[in-house]
Structures are given as structure tokens and as C-alpha cells.
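The structure appears below as C-alpha cells.
In my numbering, the protein residues as written are 707 to 1026.
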């Protein structure tokens, strides 16, 4: 399931009814999206799009989907932690990550930096090619700058440091960075970033192994799988909430409610909607899906059964 699609804080879809927010100067608001969904919509929602990921992440995901079980050592976060389900060649897979090692690593500490002056990308005579680094060194460099460095390109502006030390002894022995480099820049795709050795350092690291576990090749079966983990049939709203949902549907499936009175909405209506939206949010947050994933203590319900149909429900808050 798309972990970015959480109940609160979502970027709600196109707003059918702004309730005067934009024209009337609404500075704080609650947005409610309530739309019917079928199996195809739920399946499309539930499968993450690998193509939109940074190049290093996308390549790793492609290797996993090709049947490999690659390992990656990281200092900061699971590089595929944002992936849960992926559709590949007509089948749906769950991306599983297993922590196989963790601990403290030591080695040379480097600073990676890039600023406005480097937009011209004048190559340094002693630049080291990113593609000449072994794979684990490329991961270390790329994750340090939040994947702004890939084999094809170097972009962004930053000044961050990292340590070239590895849990895996063979990676440590094969590391170009761990052996120490004197280059002043890293080059990729005709672009550069500065690299400067600062001395020695240590940091916590974790090593992951990935696998793609088949779920199903049937869209309806996958939608049912998602609903078991993100849906609830226990949704039983009050009359006030039902009225808000009806108004939201009449407005095209979404409504934004200002936190103060507007000229085109009377105060009684505005207050009723605000109270109903607060009640709706509390009720949805109290719901739980039939199946709770092992890695989620408080799973978020995103779909509710309402009057015989499934609806995707999103609630977010905005401040201008």
C-alpha cells in the first residue's frame, strides 16, 4: 500500500467545492475527499509507481522484481521503505525487506557539496567518475545527498558529510572510498559535486535484503487484499456526518471547509460542516482494518464501506 497515502496530511485530489476558500481568503481549512472506488481504482491506488522513484531506487526495485534478492547497506533509511506493493507484468508483488545486519561502522569521513557556482559544471582534472565506484560506494554517496547523485546526473545544492565504512567485510575491502581518495570532485553525466576528506568518522549502519513476494495476478483479488489492510466495514457515521458526505458527493467528491466564516457560506452552515468534519476524522481514525500488517502499530484506514459501496476517504488540513 502506498505509505505516502496516509489519512491525515494527504494531498487531496482536485477540489470540486472550495467553499469560498480561495476567493474569500481562507487561511486555514479542512479538506474532505469522499469518492466511490471500484476494484481497478483500489488496485491502482494500492500499487506504488517505481518509475517515479530516483534512479538508484528504481534500479534496485527492478532487480527485486526480476527475481534477485539484492542486499543494500544504508546509514539513514531503507531505500525501498516507501514501497509495499508493485504491479509488474500483470502481477502484483509485495516488496519485503529483511534486516540482516546492523551496527557501528568506521572509516574515512567525506563532505559532499554542490552550490550555485557549480551549475556550470566545470570538470575538475582529478574528478572521479561515479560509475567507477563499486556499487556499495555508489549507494553510500547517493543516499548521503538524498539520491541527487546517480550514474546519469548530479543535481541539487547541498553540503553534507558521510562515513565510508561497511558492515560487510568484503564491501569494506573493495571500497574505493574506504581506502581513501584524493579526488576533489565526483562526476556523472557531465555534472560534478565536490568531495573532500575530513578525517575519520563512525556511524550506525544497517544492511537489508530484499525480495518480491507474489500476491496475485488478479485485479479484484488484489483489491480485496488491499481492503483487508486498508479498509473497514465498521463505518457508521452520524446523521450530521452523513449530511456532510452527501454535500461532498454533490460537490464532485471533495470539499474544503474554512476554519472561519466566509461571505458565500453562512456561519451556521460553516460551523455545522466544521463540526461534522472533526467528527468524521475522529471516527475514521478509530477504525481498524481486518488485517494489521506486522510493521504497523496503528494502520490507517483509507477505504470505508458506505451504503453498499466502497469509498476512498481522505482528510487533510491546510494553512495558507
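The beta carbon of each residue, even a glycine, is placed where N, CA and C say it ideally should be.
Boundaries (first-last residue) of the alpha helix (DSSP H) holding residue i
i: residue 845; result: 841-850
i: residue 997; result: Segment: none, residue 997 is in no alpha helix (DSSP H) and carries neither H nor E.
i: residue 929; result: 925-936
i: residue 894; result: First-last for residue 894: 891-894, but that is the beta strand (DSSP E), not the alpha helix (DSSP H).
i: residue 953; result: 945-956
Residues of its chain near residue i, where Cβ-Cβ distance is below 6 Å and the 5 sequence neighbours each way are ignored
i: residue 797; result: 923
i: residue 832; result: 889, 890
Inter-residue Cα distance where the pair is residue i and residue j
i: residue 1065; j: residue 1021; result: Outside the displayed range of the chain (707 to 1026) lies residue 1065, so it cannot be described from this structure.
i: residue 871; j: residue 754; result: 32 Å
i: residue 926; j: residue 902; result: 53 Å
i: residue 841; j: residue 777; result: 11 Å
i: residue 756; j: residue 787; result: 12 Å
i: residue 743; j: residue 821; result: 46 Å
Under 8 Å between C-beta atoms of residue i and residue j
i: residue 799; j: residue 771; result: yes
i: residue 867; j: residue 904; result: yes
i: residue 811; j: residue 909; result: yes
i: residue 1008; j: residue 936; result: yes
i: residue 857; j: residue 894; result: yes
i: residue 864; j: residue 775; result: no
i: residue 963; j: residue 735; result: yes
i: residue 929; j: residue 819; result: no
i: residue 993; j: residue 938; result: yes
Where residue i sits in the DSSP three-state scheme
i: residue 753; result: coil
i: residue 1015; result: strand
i: residue 820; result: strand
i: residue 780; result: strand
i: residue 1008; result: coil
i: residue 917; result: strand
Neighbourhood of residue i by C-beta distance below 7 Å, restricted to the same chain and skipping five residues each side
i: residue 853; result: 760, 762, 763
i: residue 919; result: 799, 800, 802
i: residue 954; result: 738, 740, 960, 961
i: residue 846; result: 868, 870, 883
Endpoints, beta strand (DSSP E) assigned at residue i
i: residue 770; result: Not the beta strand (DSSP E): residue 770 falls in the alpha helix (DSSP H), residues 761-771.
i: residue 940; result: Per DSSP, residue 940 belongs to no beta strand (DSSP E) and is neither H nor E.
Residue i Cβ short of 7 Å to the ligand FAD heavy atom set
i: residue 839; result: Absent from the structure shown: the ligand FAD. Ligands present: none.
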